[in-house]
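**Q**
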Amino acid sequence: MDFLRYGRSPWGETIAQHVSWNLFWASLFAGILFFLAHAAYMLFSAHRKRAAAETDALEASRRDLPAKIERHNLSARLFHWVMAASMFVLLFTAFLPVVGVKFAWVQWHWIAGLVLTASIVFHIIHATFFLDFWSIWVGPKDIPEFKAEMLREFGHDVPGPKPGKYPLGNRLYHLAIVVTGLAVTTTGLFMLKAVRTPMFVRDPYFISENWRGFTYVTHGLAGVGLVGLVIAHVYFAVRPEKWWITKSMILGWITRRQYLEHHEPSRWRVGAAAPSTGGAPKTAGQA
Amino acid sequence: MAVIRDVIPVFELYQPTTIDDAVRLLDQHGADALVLAGGLDSMDWLKDRLKKPRVVVDLGQIKELKGIREANGGIEIGAMTPLTEVVKHPIVREKYSLLMQAAELVASPQIRNQGTIGGNVSQDTRCWYYRGGWSCYRAGGNICYADTPTAINREHAIFDADRCVAVNPSDTAPALVALDAQMVIRGPRGERVVNAEDYWIGPGIDITRMNVLQPNELLTAIRIPATMAGAQFYFEKVRDRQVWDFPLVNVASAIKPNGGNIGEARLVVNAVSATPKRLRSVEAFIAGKPRNEETANAAGQMAVQGAQVLRHNGYKVPLVRNLVKRAIRGSEGGSWTS
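Chains as they are written, first to last, in numbering that gives the first Met the number 0: chain A, 0 to 286; chain B, 0 to 337.
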């Protein structure tokens with residue numbers, strides 16, 4: 000199986016030009032295989048959740064918490080859905096022609112790419128200055144949580160830490176999306192410079208032949224990677240036990256019980272216990 | 000970059016005698032196969048060693064692909080019919096003289112004897128960066144060398160460029176669109192018929208192909224209905240060398256008069272984009288108007304709206320404007336026929 004396609008520069012050098020579309024099929028297959036394997040696993044999984052009695056007790060002791068806890072404010076939700084829409088447009092415009100559905104896709108693709116880029120810039124600013132920036136990242140501090148989650152998956156009742164605002168899987172997924180998303184948008188902007196748009200005079204010599212090849216290959220690798228990642232994301236979004244998270248991305252809030260059942264209050268403080276950022280007092284769910 | 004070696008690459012040659020056999024072979028070998036009609040386009044690729052097909056399917060032995068027949072009030076031209084035969088055919092000359100004029104202006108007599116109408120409409124673009132073996136968009140790469148600030152792009156597109164600026168070089172294509180022709184295509188799943196206007200595809204849809212033919216499909220015939228038979232026709236081709244050359248721009252029009260005014264009209268220009276460009280807005284504008292200088296001038300202006308020129312092909316804008324004007328008004332160089 001070829002991974003890359005090569006061409007020759009005007010000077011006779013062999014240069015990488017694109018990823019092979021075999022990688023698209025591989026990513027599509029991997030994404031579908033993952034959700035089938037995970038769905039099969041979940042049917043027989045011994046995954047342990049917090050016991051209902053324990054959650055009842057927690058809820059009784061935390062009547063001070065609001066009944067609805069804000070998980071995603073309006074700006075965050077708008078960003079998410081704009082990004083999701085642009086991502087779907089990008090994937091469909093990129094890969095439908097590959098599977099044989101031919102249409103004039105380039106204009107739709109770069110417009111959606113600009114929307115995605117703008118939404119990412121907005122998100123970086125919003126997350127850096129108005130949200131708890133570090134709550135989404137993974138690091139050594141998460142190793143105990145990872146161990147506890149693994150043990151729960153194998154049927155052990157583990158008292159260890161529950162997630163903070165974002166489950167570990169969320170944070171790992173975010174990391175993958177950051178890498179692929181930044182790769183695909185950065186390279187996309189370089190590629191845009193060579194396309195006719197109403198915004199600026201195109202310049203195909205903006206980058207050298209070798210760098211152009213590198214840009215296209217990186218864009219392609221990130222693009223095919225996103226196929227598998229988006230399949231996995233949509234799969235988890237519609238899974239019954241994850242639906243409360245998806246719902247919170249639509250409505251913005253989760254219930255007090257969901258908060259206590261799925262999160263570690265010490266790692267995601269809400270209400271009066273919420274830490275302040277930037278001098279402004281934090282209201283519930285602004286972590 | 001291309002070096003003519005005159006020694007074509009090794010391939011397996013198949014010479015089927017029926018359309019079914021040819022389609023079966025194409026289906027079997029897919030993109031590894033090259034279809035050989037008159038060979039005038041294909042042999043260039045082979046001699047330059049820019050295409051190295053594993054299999055060549057020569058259509059020369061398939062009798063059912065040749066000849067011109069009357070059908071449903073119009074005519075059906077086999078895809079392997081030589082251009083000379085098209086030019087000389089009495090029905091073509093009598094009812095569809097637009098096609099006769101266009102075919103007669105293709106290249107030279109020798110080439111018209113060998114070249115087929117199917118090959119003429121399905122030929123690849125002449126962009127020399129592409130045909131020179133450069134790894135451009137059309138060749139599967141990621142740049143158009145003809146659309147760069149230093150490119151030699153005198154013959155390239157002024158309309159509908161989408162990354163690639165190559166143009167369709169066919170003379171018969173615009174005439175067929177003006178005549179409302181249909182292309183009969185045979186594939187492993189049977190026959191399909193597409194309007195000539197939809198036969199060619201631009202780079203926005205598929206940057207590596209000039210027409211809708213899949214690797215396992217064959218253009219078998221071209222049907223010209225009676226719709227525009229006997230209309231007033233105009234064809235003019237502008238080229239660098241009057242002896243024989245590809246068009247810089249050509250124009251084909253078919254107009255049915257309505258009283259003293261223009262009735263139904265079909266106007267097509269070619270060599271200005273990757274597909275023959277039907278000027279629908281011009282057609283709508285001139286319908287019902289008198290055929291005079293004023294109408295022709297306005298139509299010419301309208302025809303070039305939206306043109307985007309490259310460094311060396313700006314001359315195509317006044318050329319299209321004037322050709323469209325002449326196609327409506329008539330000229331000394333080219334004349335109306337019916």
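Idealized CB from N, CA, C, for every residue including glycine.
Because the structure is a prediction, the values reported are computed rather than measured.
Using a Cβ-Cβ cutoff of less than 7 angstroms, which residues in the same chain neighbour E196/B once the five nearest sequence positions on both sides are dropped?
**A** Counted from its first residue, the second sequence places residue 196/B at position 197. Here the set comprises V176, R277.
**Q** Excluding sequence positions up to five away, which residues of its chain have a Cβ less than 7 angstroms from the Cβ of T207/B?
**A** Position 208 of the second sequence, counted from the first residue, corresponds to residue 207/B. Hits under 7 angstroms: R137, G139.
**Q** Would you check whether the ligand NAD has a heavy atom nearer than 7 angstroms to the C-beta of D1/A?
**A** Looking for the ligand NAD in the displayed structure turns up nothing, as the structure carries no ligands at all.
**Q** Whose CA, out of V120/B, V193/B, Q307/B, lies closest to the CA of V200/A?
**A** If you number the first sequence from 1, residue 200/A lands on position 201. That would be Q307/B, whose Cα lies nearest to the Cα of V200/A.
**Q** Judging by CA-CA distance, which residue of A251/B, Q181/B, R92/B, R48/B is the nearest neighbour of G117/B?
**A** If you number the second sequence from 1, residue 117/B lands on position 118. With distances taken between Cα atoms, G117/B lies closest to Q181/B.
**Q** So is P197/A in contact with chain B if we call contact Cβ pairs under 8 angstroms?
**A** Within the first sequence, the letter at position 198 stands for residue 197/A. Not an interface residue.
**Q** Which same chain residues, not among the five before or five after Q213/B, have their C-beta less than 7 angstroms away from its C-beta?
**A** Sequence index remark: in the second sequence, residue 213/B carries index 214 (1-based). Once the five neighbours on either side are set aside, the close Cβ partners of Q213/B are G186.
**Q** Express the C-alpha separation of A36/B and A251/B in angstroms, rounding to a whole number.
**A** The residue labelled residue 251/B in the question sits at position 252 within the second sequence. The residue labelled residue 36/B in the question sits at position 37 within the second sequence. When rounded, the distance between both Cα atoms is 25 angstroms.
**Q** By DSSP, does G305/B sit in helix, in strand, or in coil?
**A** Numbered from its first residue, the second sequence carries residue 305/B at position 306. In this structure, G305/B counts as coil in the three-state DSSP scheme.
**Q** Which residues in chain A sit within 9 angstroms of D205/B, going by Cβ to Cβ distance?
**A** Against the second sequence, residue 205/B aligns to sequence position 206. Here the neighbours are P96, K101.
**Q** Since V248/B and K315/B are thought to touch, with beta carbons under 8 angstroms apart, how far apart are those beta carbons, to the nearest angstrom?
**A** In the second sequence, residue 248/B corresponds to position 249, counting from 1. In the second sequence, residue 315/B corresponds to position 316, counting from 1. That pair is a contact at about 6 angstroms.
**Q** Compute the distance between the beta-carbons of I68/A and V269/A, then report whether it is under 8 angstroms.
**A** Here residue 68/A refers to the residue found at position 69 when the first sequence is read from its first residue. Here residue 269/A refers to the residue found at position 270 when the first sequence is read from its first residue. Yes, these two residues count as a Cβ contact at 8 angstroms.
**Q** Just verifying my parser: in three-state terms, what is the DSSP assignment at N112/B?
**A** Sequence index remark: in the second sequence, residue 112/B carries index 113 (1-based). Helix, per DSSP.
**Q** Flag Q257/A as yes if its beta-carbon sits less than 8 angstroms from any beta-carbon of chain B, otherwise no.
**A** The residue you call residue 257/A lines up with position 258 of the first sequence. No, Q257/A lies away from the interface with chain B (no Cβ there is under 8 angstroms from its Cβ).
**Q** Among T214/A, I244/A, I14/A, which has the Cα closest to the Cα of K288/A?
**A** No answer is possible for residue 288/A: the residues shown for chain A start at 0 and end at 286.
**Q** Interface residues of chain D around S96/B at Cβ under 7 angstroms?
**A** No chain D appears in the structure shown, which is made up of the protein chains A and B.
**Q** Once DSSP output is grouped into helix, strand and coil, what is the label at V216/A?
**A** Counting from 1 along the first sequence, the entry for residue 216/A is found at position 217. Three-state DSSP puts V216/A in a helix.
**Q** Considering only DSSP beta bridges, list what Y5/A is partnered with.
**A** Residue 5/A sits at position 6 when you count from the first residue of the first sequence. Looking at the DSSP assignment, Y5/A forms a beta bridge with A15/A.
**Q** If you draw a straight line from the C-alpha of Y204/A to the C-alpha of A93/A, how long is it?
**A** Here residue 204/A refers to the residue found at position 205 of the first sequence. Here residue 93/A refers to the residue found at position 94 of the first sequence. Those two C-alpha atoms are separated by around 24 angstroms.
**Q** Are the region 12 to 25 of chain A and the region 146 to 156 of chain B in contact at 8 angstroms, needing three or more beta carbon pairs?
**A** no
**Q** Output the boundary residues of the alpha helix (DSSP H) element that contains V91/B.
**A** To locate residue 91/B, count along the second sequence from 1; it is residue 92. 89 to 94 is the extent of the alpha helix (DSSP H) around V91/B.
**Q** W44/B: buried (16+ other C-beta within 10 angstroms of its C-beta) or exposed?
**A** Position 45 of the second sequence, counted from the first residue, corresponds to residue 44/B. Its Cβ being crowded by 16 or more others within 10 Å, W44/B is buried.
**Q** In this structure, how does DSSP classify R222/B when only helix, strand and coil are distinguished?
**A** Locating residue 222/B in the second sequence gives position 223, counting from the first residue. In this structure, R222/B counts as strand in the three-state DSSP scheme.
**Q** In the region 9 to 26 of chain B, which residues sit with their C-beta less than 7 angstroms from some C-beta in chain A, listed in chain order?
**A** none
**Q** With distance defined between alpha-carbon atoms, name the residue in R188/B, V268/B, R48/B nearest to I7/B.
**A** On the second sequence, residue 7/B is found 8 positions in, with the first residue counted as 1. Ranking the options by Cα distance to I7/B, first place goes to R48/B.
**Q** What's the C-alpha gap between D170/B and A70/B?
**A** Sequence index remark: in the second sequence, residue 170/B carries index 171 (1-based). Sequence index remark: in the second sequence, residue 70/B carries index 71 (1-based). One Cα belongs to D170/B, the other to A70/B, and the distance between them is close to 24 angstroms.
**Q** Which value, in whole angstroms, describes the spacing of the CA atoms of P246/B and A126/A?
**A** Residue mapping note: residue 246/B aligns to position 247 of the second sequence, counting from 1. Residue mapping note: residue 126/A aligns to position 127 of the first sequence, counting from 1. Each residue's Cα considered, the two are about 59 angstroms apart.
**Q** Using a Cβ cut-off of 8 angstroms (strictly closer), state whether I206/A contacts chain B.
**A** Translated into the one-based positions of the first sequence, residue 206/A becomes position 207. Judged by the 8 angstroms Cβ criterion, I206/A is not in contact with chain B.
**Q** Tell me the rounded alpha-carbon separation between L90/A and W210/A.
**A** Translated into the one-based positions of the first sequence, residue 90/A becomes position 91. Translated into the one-based positions of the first sequence, residue 210/A becomes position 211. Roughly 23 angstroms between the two C-alpha positions.
**Q** When the distance is taken between beta carbons, is N141/B closer than 8 angstroms to H17/A?
**A** Taking the first sequence and counting its residues from 1, one reaches residue 17/A at position 18. Taking the second sequence and counting its residues from 1, one reaches residue 141/B at position 142. A contact, by the Cβ cut-off of 8 angstroms.
**Q** Can you give me the C-alpha to C-alpha distance between T184/A and I176/A, rounded to a whole angstrom?
**A** Sequence index remark: in the first sequence, residue 184/A carries index 185 (1-based). Sequence index remark: in the first sequence, residue 176/A carries index 177 (1-based). About 11 angstroms.
**Q** Can you pull the DSSP bridge partners for L35/B?
**A** For the purposes of this step, residue 35/B is identified with residue 36 of the second sequence, where counting begins at 1. According to DSSP, L35/B bridges with D57/B.
**Q** Rounded to the nearest angstrom, what separates T54/A and K161/A at their Cα positions?
**A** Position 55 of the first sequence, counting from 1, holds the residue named residue 54/A. Position 162 of the first sequence, counting from 1, holds the residue named residue 161/A. When rounded, the separation of the alpha-carbon atoms in T54/A and K161/A is 13 angstroms.
**Q** Can you tell me which of the three DSSP states T276/A falls into?
**A** What you label residue 276/A is simply residue 277 of the first sequence in a count that begins at 1. The predicted position of T276/A is uncertain, since its pLDDT is 47 and thus under 50; no value can be drawn from it.
**Q** With H, G and I counted as helix, E and B as strand and the rest as coil, what does DSSP make of A283/A?
**A** As a first step, residue 283/A is located in the first sequence; it is residue number 284 there, counting from the start. Note that A283/A has pLDDT 38, beneath the 50 cutoff, so the model's placement of it is unreliable and the number below is only indicative. Note: A283/A maps to coil in three-state DSSP.
**Q** Checking 8 angstroms against the spacing of the C-beta atoms, do Q122/B and D40/B come in under that value?
**A** As a first step, residue 122/B must be located in the second sequence, where it is residue number 123. As a first step, residue 40/B must be located in the second sequence, where it is residue number 41. Going by C-beta atoms, Q122/B is nearer than 8 angstroms to D40/B.
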